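Heads up, the thing below is written out as structure tokens.
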Amino acid sequence: MEFTERLQSFQGPMPRLEIEKMNAYKAPLEGRRHLLRLDFNENTIGPSSLVIEAIRNLQPDHISIYPEYNGLREALVANLKTAKLSTNVTAEQIGLFNGVDAAINAIFHAYGDSGDQLITTTPTFGYYEPCAHMQGMLILAFPYEGESFQFPLEKIQTALLKQQPKILIICNPNNPTGTRLEANKILKLASTAPNTLIVIDELYEAFTGDSVLPKVNFTQTPNLVVLRSLSKTAGLAGLRIGFAIGNSHVVDRISRVTGPYDVNSIAVTASLAALTDQAYIDFYVEEVLKARDWIKHKLIKSGRRYHIDGGNYLLIWPKHEVSKIELSLRAAGILVRNMKSKPLIEGSLRVSIGTTSQMAQFWAAFSEIDGIEA
Ligand SMILES: Cc1ncc(COP(=O)(O)O)c(C=O)c1O
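Take a look at the structure:
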């Protein structure tokens, strides 16, 4: 239904105009449990046994009382040290959110005013755009460059100076192109634009290693915020926990727009266990990197166009009609994500990288369906 028709047909109180203009953010997330899920870049083998054990040991009062967050920020501080990511982040520099999705929403809510500008890239993670629209922000999205989807650094540098946007958001490595941007370049962008909040979404950083955390001091660079989550590596996607790390003043402002108990008790318990088991995260990342090498080799020999860079995912352009291949893979019990209507990469499938045996299962089915000879 057209927007004006919708307005005319509606009876009852009107929401804000920005909301009325939007559609709900929908991801095809139902009925996936018994299939090989290579569609949302989740951990494909589940969380550490310590997480499962901690949840099994929960007592009834853990459920009947409101969540307590004591020790969770400190556990992340300790984990960042163990993972050799940061020795200077403090507990006050960490915000807790119901997934990084909620952190993104909160950032836009706290900083994005109607008419303010967001600068980002395209194609990128799909939730930034609705969050900007919700606030009535204007979006300037720079395309990745060339066949290998290079980061549009010069254009963004110039735009930062010229437009002075309220928010610049960079997904690093980018979902879905895998494009990576070095920490030094991010810090330079941040110093170019002290009045812009520079948000670095590092959801997939653990797989490829370009975190800005080892180099940043949030007291000296108060306009930088880093987003990290336990969804993709630690296998907690269903529990919803995410972190915004930045200057304590900024973290405080972002946290003001959330509810007092948005992160639930089970997520807290699971996170505490996951953060003490960095060895499990390292093990899983190692498995994914082995599988990445395995599938890269197959892709090189296949003659199909493909793109593989940062993160735990790759793009492949099938020879046959992409929607048909997607459906045939589903019929074979394998879910992948069709990149239809994504600029620059239309016609491709995004395939999450799991373990080597899972990639072998995908490759056997894909080769048969798309006619690749062994
Ligand atoms: C780039 C990016 N950022 C954020 C999210 C949301 O992560 P979370 O599960 O922590 O809400 C995703 C999920 O797919 C993502 O790909």
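Sequential numbering from 1201 applies to the sequence shown in our numbering.
A virtual CB, placed ideally from N, CA and C, is assigned to each residue, including glycine.
Small disclaimer: the values here were computed from a predicted structure and weren't measured.
Next item on the list: Taking the CB atoms as reference points, tell me whether residue 1340 and residue 1365 lie closer together than 9 Å.
Entry: yes
Checklist line | 4 or more residues per run - each alpha helix (DSSP H) lying fully within the region 1539-1574 | finding: 1556-1570
Check: Does DSSP put residue 1260 in a helix, in a strand, or in coil?
Finding: helix
Notebook entry, point to check: What is the DSSP secondary structure of residue 1529, reduced to helix, strand or coil?
Noted result: helix
Note to self: Looking at the secondary structure, which residues open and close the alpha helix (DSSP H) in which residue 1483 lies?
What the structure shows: 1478-1502
Next item on the list: Could you pull the start and end residues of the beta strand (DSSP E) that residue 1424 belongs to?
Entry: 1424-1429
Item checked: Beta-carbon separation (whole angstroms), residue 1299 vs residue 1441, contact threshold 8 Å -> 7 Å
Next item on the list: Using only the heavy atoms of ligand 1, determine whether one of them is closer than 8 Å to the beta carbon of residue 1279.
Entry: no
Check: Can we count residue 1410 as close to ligand 1, meaning its CB is less than 8 Å from some heavy atom?
Finding: no
Next item on the list: Give the range of the alpha helix (DSSP H) segment to which residue 1341 is assigned.
Entry: Careful: residue 1341 lies outside any alpha helix (DSSP H), inside the beta strand (DSSP E) at 1338-1343.
Notebook entry, point to check: Based on the DSSP output, what are the partners of residue 1331 in its beta bridges?
Noted result: Looking at the DSSP assignment, residue 1331 forms no beta bridge with any residue, so it has no partner.
Next item on the list: Can you grab the Cα-Cα spacing for the pair residue 1530 / residue 1437, in whole Å?
Entry: 22 Å
Note to self: Taking its Cβ as the centre, do 16 or more other Cβ atoms sit within 10 Å of residue 1239, making it buried, or is it exposed?
What the structure shows: buried
Checklist line | C-beta atoms of residue 1349 and residue 1509 nearer than 9 Å | finding: yes
Margin query: residue 1368 and residue 1393 - do their beta-carbons sit closer together than 9 Å?
Written below: yes
Margin query: Can you give me the C-alpha to C-alpha distance between residue 1322 and residue 1383, rounded to a whole angstrom?
Written below: 20 Å
Next item on the list: Would you identify the three-state DSSP class for residue 1311, choosing helix, strand or coil?
Entry: helix
Next item on the list: Could you check what DSSP says for residue 1325 in three-state terms: helix, strand or coil?
Entry: coil
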